[in-house]
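Everything on this sheet refers to the single structure shown next.
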Amino acid sequence: MIHVNRIYNTDCMEFMNQLKKEDFIKIDAIITSPPYNINKSYSRYNDKRDKNEYLLWLQKIANKSLQVLKEDGSFFLNVGGRPADYMLPFEICSKFIEAGYKLQNTIHWIKSISIEVEDIGKNNFIKTDSSIGHFKPIISERFLSDLHEYIFHFTKKGDKAIDKLAVGVTYQDKSNIGRWKSAKTDKRDRGNIWFIPYNTIQEKRPHPATFPEKLPYLCIKLHGIRKNTVIYDPFIGIGTTALACINLNVEFLGTEIDNKYIEIANENIKLRYIKNKKS
Ligand SMILES: C[S@@+](CC[C@H](N)C(=O)[O-])C[C@H]1O[C@@H](n2cnc3c(N)ncnc32)[C@H](O)[C@@H]1O
66 MIHVNRIYNT DCMEFMNQLK KEDFIKIDAI ITSPPYNINK SYSRYNDKRD KNEYLLWLQK
126 IANKSLQVLK EDGSFFLNVG GRPADYMLPF EICSKFIEAG YKLQNTIHWI KSISIEVEDI
186 GKNNFIKTDS SIGHFKPIIS ERFLSDLHEY IFHFTKKGDK AIDKLAVGVT YQDKSNIGRW
246 KSAKTDKRDR GNIWFIPYNT IQEKRPHPAT FPEKLPYLCI KLHGIRKNTV IYDPFIGIGT
306 TALACINLNV EFLGTEIDNK YIEIANENIK LRYIKNKKS
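Under our numbering, the first residue of the sequence shown carries the number 66, and numbering increases by one thereafter.
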């Protein structure tokens, strides 16, 4: 029997079959980043498959996920390309639409950014040219470094009400509050550009392709939190989505085929419960 707040060491497709069979847990939102088929060195999964086979695999997962998701559920799919294959995210997106989803929002996850003072006006708090995030030296003669990825927000009908206030951003110019009929509090629409840099870590990364915790955190809030909200990450890696769920007090489910990553995820989850209990 499937229990919430656990990560299962199994293939996500098999898990969703089981979830559907048991039929008493329905998922509010799926938030995930699948392997991108770009030859990442996962410890178990082979990230270099025939492209058509890979795309069909994701289409089947999309199709199956529709059966375990609530009618007003969301599927937040984080995918990036690589400079030599910029079309990949759009090809994956098309497969989800063919599977039956509607693309409701396209969010751009910006990982690194350079801001030059001449572009931002005099009254801004940024006084010197600034770069935030990680950057590469100039190594390609053809391609710009890819500093962004997509978060496609799919829903069943394309009309899911989302909680924009929950992810709203405070106004820089407070005189806007009250000026617009809809601007009653100090929160404006965050929009679809999300700047979420990676934390700088010195030690070796335990997993080659994680996303920052703020990414699932914002997605969960944007979807909207109700009583007994359940979030599922089919490709949960070292448990980042579970950590965001714990901080937001919502229930999680995860699947991961690699036991080595699950061990790290479970350790991360244990430490987070301890930390949250202390604070
Ligand atoms: C891009 S990573 C996800 C990382 C995760 N977002 C995190 O922050 O830790 C994709 C993960 O999917 C796992 N995976 C690959 N095929 C799978 C499958 N069929 N079912 C479940 N997990 C799978 C890989 O082992 C890998 O850890």
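For every residue, glycine included, the Cβ atom is placed at its ideal position computed from N, Cα and C.
Here the structure is a predicted model, which is why all the values come from computation and not from measurement.
Pairwise C-alpha distance: Val234 and Ile180: 19 Å
Of all the options Gly302, Gly256 and Gly243, which has the alpha carbon lying nearest to the alpha carbon of Arg270? Gly302
Endpoints, the alpha helix (DSSP H) within which His213 is located: Not the alpha helix (DSSP H): His213 falls in the beta strand (DSSP E), residues His213 to Thr220.
Here's the rule I'm using: 16 or more other beta-carbon atoms within 10 Å means buried, otherwise exposed. How should His288 be labelled? buried
Figure out for me which residue from Ser205, Lys176, Leu280 and Arg71 has the closest Cα to the Cα of Gly198. Lys176
According to the neighbour-count rule (16 or more other Cβ atoms, all chains shown, within 10 Å of its Cβ), is Pro273 buried or exposed? exposed
For Ala231, verify whether its CB is less than 8 Å away from any heavy atom of ligand 1. no
Per-residue burial, Asp93 [other beta carbons within 10 Å of its own, 16 or more giving buried]: buried
Between the CA atoms of Leu123 and Glu163 - distance to the nearest angstrom: 11 Å
With distance defined between alpha-carbon atoms, name the residue in Lys129, Lys116, Gly138 and Arg71 nearest to Arg291. Gly138
With H, G and I counted as helix, E and B as strand and the rest as coil, what does DSSP make of Arg337? helix
How far does the beta strand (DSSP E) with Phe140 in it reach, from first residue to last? Leu134 to Val144
So for Glu316, helix, strand or coil by DSSP? strand
Determine the burial state of Pro42: buried for a count of at least 16 other Cβ atoms within 10 Å of its Cβ, exposed for fewer. Residue 42 lies beyond the stretch modelled for the chain, which goes from 66 to 344, so this question has no answer here.
Quick check on this structure: which residue in Ser98, Ile103 and Tyr263 has the alpha carbon closest to the alpha carbon of Ala127? Ser98
Would you be able to state if there are at least three C-beta pairs under 8 Å between the segment 201 to 215 and the segment 140 to 154? yes
Is it the case that the Cβ atoms of Ile258 and Pro281 are separated by a distance below 9 Å? no
Ordered along the chain, which non-local residues of its own chain (more than five positions away) have a Cβ less than 6 Å from that of Asn74? Asn324 and Ile327
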